[in-house]
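First comes the structure, then the notes that go with it.
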Amino acid sequence: MSDNKFLSTKTVSIVGVPFSGGQPRGGVEEGPLRLVEFGLLNQIQEMGWKVDYEGNNNISSLRPNQDPDVLNLKQPKYVSNVTHAVAKQIEERARQNKFVLTLGGDHSVALATVTGVFSVYPNACLIWVDAHADINTPATTDSGNIHGCPVSFLTGIAGSHPDFAWVKPLLKTNRLVYIGLRDVDAAEKKILRDYKIKAFSMHHVDRYGIGNIVEMALDHVNPKRDLPIHLTFDVDALDPSVAPSTGTPVRGGLTFREGHYICEALAETGLLVAADIMEVNPALESEMEVFQTIQVGCSLARCCLGESLL
Numbered sequence: 193m194s195d196n197k198f199l200s201t202k203t204v205s206i207v208g209v210p211f212s213g214g215q216p217r218g219g220v221e222e223g224p225l226r227l228v229e230f231g232l233l234n235q236i237q238e239m240g241w242k243v244d245y246e247g248n249n250n251i252s253s254l255r256p257n258q259d260p261d262v263l264n265l266k267q268p269k270y271v272s273n274v275t276h277a278v279a280k281q282i283e284e285r286a287r288q289n290k291f292v293l294t295l296g297g298d299h300s301v302a303l304a305t306v307t308g309v310f311s312v313y314p315n316a317c318l319i320w321v322d323a324h325a326d327i328n329t330p331a332t333t334d335s336g337n338i339h340g341c342p343v344s345f346l347t348g349i350a351g352s353h354p355d356f357a358w359v360k361p362l363l364k365t366n367r368l369v370y371i372g373l374r375d376v377d378a379a380e381k382k383i384l385r386d387y388k389i390k391a392f393s394m395h396h397v398d399r400y401g402i403g404n405i406v407e408m409a410l411d412h413v414n415p416k417r418d419l420p421i422h423l424t425f426d427v428d429a430l431d432p433s434v435a436p437s438t439g440t441p442v443r444g445g446l447t448f449r450e451g452h453y454i455c456e457a458l459a460e461t462g463l464l465v466a467a468d469i470m471e472v473n474p475a476l477e478s479e480m481e482v483f484q485t486i487q488v489g490c491s492l493a494r495c496c497l498g499e500s501l502l
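For the working numbering, add 192 to where a residue sits in the sequence shown, where the first one is 1.
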């Protein structure tokens, strides 16, 4: 029996999404397999969970022959094909009352995770831990990389795009909170202000301390502590000294302990139903730094499932 308020069984469905199409740097598609090779499944089983694992290693077969830019976005058909397929898979696993742990891939995969989870838990809230807000729209993105845009689609702020008509605005802006922001585009700052989206930057973490920040975040999106929680954690939220092997590192991030505290505190609520560990890129940096980043990715995942210091 699980002590989770929404899950009746202690089963975790681990979904690997070896996908890099939402941004230009190769290697992030190797993240999920490296986390699994490091022993993540066994580690979680040793914590008393039953584990199902789907690696989705044939995902590249969804790449279209032609994929021109559409409305400024790069590889829109490939990103759409993959995220649409994975969204259905995640929805199915969540409907089976399993904890869904998704291993990315780049953060465009959140199109799939949030869609899948919120299809089953429509009143859920989303805690987005990241250096970046990922809320650019097709109109505001400078790079055209879709890993910087998923939140705008999930909230409906993006407007319509022919390749992403399937993405429904399941995420209400008052059910979204950011922790760890420190590299936010001017257009994104305006979106956060205009839509009154709650965001705690590293300045807030410094000012209030991580314990208070998690409470304040929950007070905003889950004031009665009775709604399901979905955590999506981009490892670039952590300082590069902690998790160097990621595509867009930014100095001045969360410490090792601050990152783990977020996962531990959310697991402690008994409300966490899904977690994403995103943007581990084993092709970047030295083998030692890759090992360090994979180790951190695994320990964050375990903390989401209830591992604690005592």
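A virtual CB, placed ideally from N, CA and C, is assigned to each residue, including glycine.
- The beta-carbon distance between residue 213 and residue 271, rounded to whole angstroms, is 5 Å. This is short enough to meet the 8 Å contact definition.
- Contact between residue 463 and residue 291 fails: their C-beta atoms lie close to 11 Å from each other, not under 8 Å.
- Look at the beta carbons and you see the segment 319–331 touching the segment 372–389: at least three pairs across the two are nearer than 8 Å.
- Apart from the 5 residues on each side of it in sequence, residue 350 sits with its Cβ closer than 7 Å to the Cβ of 329, 330, 341, 344 in its chain, given in chain order.
- By the Cβ neighbour-count rule, residue 288 is exposed, with fewer than 16 other Cβ atoms within 10 Å of its own.
- Between the alpha carbons of residue 210 and residue 274 lies a gap of roughly 10 Å.
- Between the alpha carbons of residue 457 and residue 229 lies a distance of about 27 Å.
- Counting only residues of its own chain and dropping the five nearest sequence neighbours on each side, residue 363 has a CB closer than 7 Å to the CB of 306, 310, 318, 346, 347.
- The alpha helix (DSSP H) runs lying completely inside the segment 278–331 and spanning 4 residues or more are 302–312, given in chain order.
- Apart from sequence neighbours up to five positions away, the residues of its chain that approach residue 376 with a beta-carbon distance below 6 Å are 325, ordered along the chain.
- Following the DSSP letters along the chain, one finds residue 481 inside the alpha helix (DSSP H) bounded by residues 479–496.
- In this structure, residue 247 lies away from residue 296, with their beta-carbon atoms at least 7 Å apart.
- DSSP places residue 379 in the helix class (H, G or I) of the three-state scheme.
- Restricted to the segment 390–465, the beta strand (DSSP E) segments that are unbroken, complete and at least 3 residues in length are 390–393, 421–426, listed in chain order.
- Pairing residue 236 with residue 243 gives a Cβ-Cβ distance under 7 Å.
- With respect to residue 431, residue 471 sits apart: the two C-beta atoms are not nearer than 7 Å.
- Runs of the alpha helix (DSSP H) lying entirely within the segment 198–272 and spanning at least 4 residues, in chain order: 223–229, 232–238.
- Going by C-alpha positions, residue 498 is about 34 Å away from residue 358.
- In this structure, residue 312 lies near residue 286, with their beta-carbon atoms less than 7 Å apart.
- With a cutoff of 7 Å on beta-carbon distance, residue 302 and residue 424 are scored as near each other.
- CA-CA distance, residue 404 to residue 304, rounds to 30 Å.
- Annotation for residue 490: 227, 230, 231, 232, 235 place their beta carbon closer than 8 Å to its own, counting only its chain and skipping 5 residues before and after.
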